[in-house]
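**Student:**
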Amino acid sequence: MNQKYLRTVWIITAREWLATIQTPMFWRFLLIMPIVFFVLVIVFRYVNTKFPEEDWLSDEQLRDPTQVLEYRKLRFEGQIIPQQLYAVLDHSDGVAEFIRQTITERDQRLFLLSILELNDSEFQEFLESVSGGQEAFELLRQASLGHTSTQFVDEVIYALQFQESGSSMIPEEFLRIFPTWYYGNQASIEKMDKLISTRFFREVVVPDASIESLNAWLNDNQIAGYFVLPPALEQQTRDIKFNISAKTSKLQVLDLATWYRSVTNQALHEYRLTKIDLHTELKFSFADDINFQTKTKTYDQPPAVRVTDISPTIYLYLPYLLLIGAFLPSSYRLAYIIQEEKSNKLADKLLSVVRPSYLLDGKFLGVVLVTLTTLVIWAMVFGLLVTLFNDTTLVQSLEHIVPFLQLPVVSNFLLFLLLMYAFYGYLFCRIVAKANTSQQAIQSVVAFNFLLFLPMIPSFLVIMPLFPGDIYSNIVSFIPPFTPFVMVVRTFDLPDWPLYSTIVVVMLFSVWWARHRASQAFAKGILGELETKMSPIFGSRK
-3 MNQKYLRTVW IITAREWLAT IQTPMFWRFL LIMPIVFFVL VIVFRYVNTK
47 FPEEDWLSDE QLRDPTQVLE YRKLRFEGQI IPQQLYAVLD HSDGVAEFIR
97 QTITERDQRL FLLSILELND SEFQEFLESV SGGQEAFELL RQASLGHTST
147 QFVDEVIYAL QFQESGSSMI PEEFLRIFPT WYYGNQASIE KMDKLISTRF
197 FREVVVPDAS IESLNAWLND NQIAGYFVLP PALEQQTRDI KFNISAKTSK
247 LQVLDLATWY RSVTNQALHE YRLTKIDLHT ELKFSFADDI NFQTKTKTYD
297 QPPAVRVTDI SPTIYLYLPY LLLIGAFLPS SYRLAYIIQE EKSNKLADKL
347 LSVVRPSYLL DGKFLGVVLV TLTTLVIWAM VFGLLVTLFN DTTLVQSLEH
397 IVPFLQLPVV SNFLLFLLLM YAFYGYLFCR IVAKANTSQQ AIQSVVAFNF
447 LLFLPMIPSF LVIMPLFPGD IYSNIVSFIP PFTPFVMVVR TFDLPDWPLY
497 STIVVVMLFS VWWARHRASQ AFAKGILGEL ETKMSPIFGS RK
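Numbering-wise, the working numbering puts 469 at position 473 of the sequence shown, and it's gapless, one number per residue.
1. Who are the Cβ neighbours of Ala139 in its own chain at under 7 Å, not counting the five residues just before and after it?
2. With H, G and I counted as helix, E and B as strand and the rest as coil, what does DSSP make of Gly90?
3. Assuming Val200 and Pro61 make a contact with CB atoms under 8 Å, what is their CB distance in whole Å?
4. Can you tell me the Cα-Cα spacing of His548 and Ile236, whole angstroms?
5. When burial is assigned at 16 or more other CB atoms within 10 Å of the CB, is Thr146 buried or exposed?
6. Would you say Ile77 and Ser193 are within 8 Å of each other, going by their C-beta atoms?
7. Less than 8 Å between the C-beta atoms of Gln79 and Phe223, yes or no?
8. Rounded to whole angstroms, what's the CA-CA distance from Phe478 to Ala514? Just pull it up for me.
9. Exposed or buried, which one is Ser307 when buried takes at least 16 other CB atoms within 10 Å?
10. From the DSSP output, read off the bridge partner residues of Phe197.
11. Using the Cα positions of Thr19 and Trp213, report the straight-line distance between them to the nearest angstrom.
12. Considering only their Cβ atoms, is the gap separating Arg198 from Leu81 smaller than 8 Å?
13. For a test of the three-state rule: what should DSSP assign to Leu85, helix, strand or coil?
14. Helix, strand or coil, according to DSSP, for Asn408 in the structure here?
15. Identify whether Asn215 lies in helix, strand or coil by the three-state DSSP scheme.
16. In whole angstroms, what is the alpha-carbon distance linking Thr144 and Leu495?
17. Who are the Cβ neighbours of Ala228 in its own chain at under 7 Å, not counting the five residues just before and after it?
18. Which partner residues of Tyr67 appear in the DSSP bridge assignment?
19. Rounding to the nearest angstrom, what Cα-Cα distance links Glu12 and Gly358 in this structure?
20. Kindly indicate the opening and closing residues of the beta strand (DSSP E) around Leu123.
21. Less than 8 Å between the CB atoms is what I'm expecting for Ile173 and Gly129, so what's the real figure, rounded?
22. Taking Cβ positions, are Ser497 and Phe419 nearer each other than 8 Å?
23. Along the beta strand (DSSP E) that carries Val224, what are the first and last residues, could you check?
24. Can you tell me the Cβ-Cβ gap for Val149 and Leu112, rounded? I've got them flagged as a contact below 8 Å.
25. Check for me: the beta strand (DSSP E) holding Phe238 runs from which residue to which?
26. Restricting to Cα atoms, I'd like to know which of Gly90, Val126, Gln97 is closest to Pro226.
27. When burial is assigned at 16 or more other CB atoms within 10 Å of the CB, is Tyr267 buried or exposed?
28. Closest by CA to Leu365, which one among Lys0, Ala15, Tyr1, Asn(-2)?
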């Protein structure tokens, strides 16, 4: 591979690239495809998230309330967390009030644990930041010495809940002032513990609430939504309805709906215990055991509000589809260019000393360069659209694309995209070189693509997932017609370096063989056209 070859091929490649990008059709196709894809993403997101409100809370599986708050805290890391207001329309027998008490007790438990875990200097800073109650908190901190924080806080919550101290170690002064003090120092409390629910969600008590009045609050954007508790609230929370404005996206209130339902589920357990004639200490023990078991479980989102986990499907099929989507249009472009060069641009051949193989390589690499240019511009335009759209939920829905931006993934994709272009491109050149018209060339490529993609490649996409990383996948990776597709599908489960290097070497040899055969056919095709065109001028040979 000498300098003359490289310079000649580059000139032809650059000329082909410039000739293509200067056509209006290229730019129309280039700019419309990202817009179409972007619109499809938005439509898919809308269809995938539009569910009737009454079905949002229809599943028995729940998240722990603390998990929901932790997720929301991480999602808004470094930002101001928006506090969502909600209301409750209670048709039950006082269950809504019991739920409010449960939420308050959970917050108080988190807050007291935070206080008792402070060191001396942090505790003094806390006392200086609050209004009143300093002496009572000093007594509480002294009383907690010698006890575990969790055990001591359980005793305090028990005493506050049942208005009686199960132990003389709880200061009476603290029990007397804490309920009033707590509501008067909400700002300081929310700073102490980042998972206090009022930092994220707060109930608005609407006087004489009704469907009409709450809908009016919704239309005025005074609340994000409201919950409707049925008259006979059963053991499950499936009967709870959650209503939002038609202008509100479900994803914006997903955390609120999931959190309230999970809290309600725990509150109902405790509410049923209050109806049983048990000693108060035994009731408290049961309720505490329920809370403990719930905290140690991992829950799924309800299916009506669940974002389907399609990442395995994306990681398996998207590289393959992108590879084919970029290759198929270019194969027809390549067929047209080769036939055009052979039939309509003979002046270039007659007036130059370029070898047919040089011309073939230059034209082929020109198509590859156009395709890579298209992919880069598509990525830039799509990224610009996402930025201009400025939709947080849309950006989050594209999180599955992030793994594809890793350097090994991009490198593997580009490597086998180029190898596939080289192997199949030269095979196409061999087929097209014998065609007499552009229509015949395109028909040949269509038939070849049909025989290749329809019956064979999809079968590997069905079989390979059943044997990931096994001998079957490695064997198929050494079959040149399938190697580029298989290796792209295996993007996230590539073989080790020795085997990977061997596969690349085999593919490079296959490309060399395809180029050799294509050069011979292309040269014969050019010479055939030359003899046909030169005969009327110079006379037929005897």
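Glycine included, each C-beta is placed from N, C-alpha and C at the ideal position.
**Tutor:** Result, derived from the coordinates:
1. Closer than 7 Å at Cβ, skipping near neighbours: Met165, Ile166, Pro167.
2. Residue state, collapsed to three classes: coil.
3. Cβ atoms of Val200 and Pro61 stay farther apart than 8 Å, at about 19 Å.
4. Absent from the model: residue 548. The displayed extent of the chain is -3 to 538, so no value can be given.
5. Label assigned to Thr146: exposed.
6. Going by beta carbons, Ile77 and Ser193 fall outside the 8 Å limit.
7. Taking 8 Å as the cut-off, the beta carbon of Gln79 is found no closer than this to the beta carbon of Phe223.
8. The straight-line gap separating the alpha-carbon atoms of Phe478 and Ala514 is approximately 19 Å.
9. For Ser307, the predicted structure reports a pLDDT of 44, less than 50, and the residue's modelled location is therefore unreliable. A value from the coordinates is still provided. The Cβ neighbour count for Ser307, taken over all protein chains shown within 10 Å, is under 16; the residue is labelled exposed.
10. The partner list for Phe197 (beta bridge, DSSP) reads Gln80.
11. Those two C-alpha atoms are separated by around 56 Å.
12. A contact, by the Cβ cut-off of 8 Å.
13. Assigned with DSSP and collapsed to three states, Leu85 falls in strand.
14. In the structure shown, Asn408 sits in a helix (DSSP, three-state: H, G or I).
15. Three-state result, Asn215: helix.
16. Whole-angstrom Cα-Cα distance: 57 Å.
17. Around Ala228: no qualifying Cβ.
18. The partner list for Tyr67 (beta bridge, DSSP) is empty, contrary to what the question assumes.
19. Looking at the two C-alpha atoms, the distance is approximately 8 Å.
20. Per DSSP, Leu123 is not a residue of any beta strand (DSSP E); the alpha helix (DSSP H) it occupies stretches across 116 to 125.
21. Between Gly129 and Ile173 the Cβ distance is about 6 Å, and since that is below 8 Å, they are a contact.
22. No; because the gap between Cβ atoms is not below 8 Å, this pair is not in contact.
23. DSSP places Val224 inside the beta strand (DSSP E), whose first and last residues are 221 to 225.
24. With a Cβ gap of about 7 Å, Val149 and Leu112 count as contacting.
25. Segment 237 to 239, the beta strand (DSSP E) holding Phe238.
26. Put simply, of Gly90, Val126, Gln97 the residue whose alpha carbon is nearest the alpha carbon of Pro226 is Gly90.
27. Under this definition Tyr267 is a buried residue.
28. For the residues Lys0, Ala15, Tyr1, Asn(-2), the minimum Cα distance to Leu365 belongs to Ala15.
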